[in-house]
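J.:
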Amino acid sequence: MADTPQDEAAKARIIKHMNADHADSLSYYLQHFCKLSSRTAHGAIISSITLSSMTLKTTDGKSHTIPFEPPMKSWSEARTRTVDMDREARTALDISSIRITEYDPPRKPIQVVLFLILSATWLACIFQRFIVPGTWMYDVALSFYPGGPELFLWMVRKMTWPFIGIHAVESFFLDRTKLRKHGVTRGTSLWWKWIASCLIEGFACFQRIDATIARKTKEAEKAEH
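What the sequence shown shows, in the numbering used here, is residues 434 to 658, in sequence order.
(1) Across which residues does DSSP place lysine 490 in a beta bridge pair?
(2) Buried or exposed, going by whether 16 or more other CB atoms sit within 10 Å of the CB of glutamine 464?
(3) In the structure shown, what three-state DSSP assignment does glycine 616 receive?
(4) Considering Cα atoms alone, identify which of Ala656, Ala629 and Gly616 is closest to alanine 522.
(5) Quick one: is aspartate 519 buried, meaning 16 or more other Cβ sit within 10 Å of its Cβ, or exposed?
(6) Where are the alpha helix (DSSP H) runs, 4 residues long or more, that stay fully inside the segment 501-574, in chain order?
(7) In this structure, does DSSP put glycine 598 in helix, strand or coil?
(8) Please classify phenylalanine 563 as buried or exposed, where buried requires at least 16 neighbouring CB atoms within 10 angstroms.
(9) Using a Cβ-Cβ cutoff of less than 6 Å, which residues in the same chain neighbour threonine 483 once the five nearest sequence positions on both sides are dropped?
(10) If you draw a straight line from the C-alpha of cysteine 638 to the C-alpha of histidine 455, how long is it?
(11) Hey, isoleucine 447 and leucine 459 are a contact pair by Cβ (cut 8 Å); roughly how many whole angstroms apart?
(12) How about threonine 618 and serine 471: are their beta carbons less than 7 Å apart?
(13) Near phenylalanine 585, what residues of its chain come up, given a Cβ to Cβ distance below 7 Å and the 5 sequence neighbours on each side ignored?
(14) Comparing C-alpha positions only, which one of Arg641, Ala656 and Ala647 sits nearest to aspartate 537?
(15) Starting from lysine 626, trace the alpha helix (DSSP H) in both directions and tell me its first and last residue.
(16) For leucine 469 and serine 507, I'd like the C-alpha separation in whole angstroms.
(17) Nearest to serine 630 by CA position, among Ser604, Thr621 and Pro504, is which residue?
(18) Can you have a look at proline 582 and say buried or exposed, based on whether 16 or more other CB atoms are within 10 angstroms of its CB?
(19) Consult DSSP for cysteine 467 and reduce its assignment to one of helix, strand or coil.
(20) Since threonine 498 contacts glycine 476 with CB under 8 Å, what's their CB separation in whole angstroms?
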């Protein structure tokens, strides 16, 4: 049976609403039901929908069809069905309903000081080979360092790889235990901000992201009452 004008209008409303307001859900549908990676699923849109299935198009131009099981009997079921699919996908992917949507930079004085110290440590590790006798850093700046420039460079050489390794591992766990779970897609600008921050400051980044999650959780709980 051909769709009526009312059916076409209902389909158009559903597609417009899902594409505009539920891009994250569409990504989760593809990750769970079609086994796509989060990067491939990111930015997908619904291209068509019927009572028995929805077809999503990813940014690489490919189409993926997800069946409704069982098929819907009317368009009035669409909201309930898409919510149920979202819940199933989030549960299977271990993704929280609490989403991190912004980067929270160091703000408190102690956080800023720590960030600057660790940034300087990174710079020392990266540019240590350029700190040699005859340079301003070696002859002037490090002359005030306890033990002089020789001790400073010895300490930097000893700590470089452990420092890099520890911060790389912390960034890996930030991605796996916090960012992915709370809806931050790998490779996005938001993901890079958090990862770069964690590479610099390590554990302090976990403290801020946990505070962000706790704040959003309280906001969600208040909204329910």
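From the three backbone atoms N, C-alpha and C, an ideal C-beta is built for every residue, glycine too.
T.: So, from the listed chains and residues:
(1) Ile478 and Ser496
(2) buried
(3) coil
(4) Gly616
(5) buried
(6) 511-526, 542-560 and 569-572
(7) helix
(8) exposed
(9) none
(10) 28 Å
(11) So it is not a contact: roughly 12 Å between Cβ atoms.
(12) yes
(13) Leu575 and Tyr578
(14) Arg641
(15) 622-634
(16) 29 Å
(17) Ser604
(18) buried
(19) coil
(20) No, threonine 498 and glycine 476 are not in contact; Cβ-Cβ is about 18 Å, not under 8 Å.
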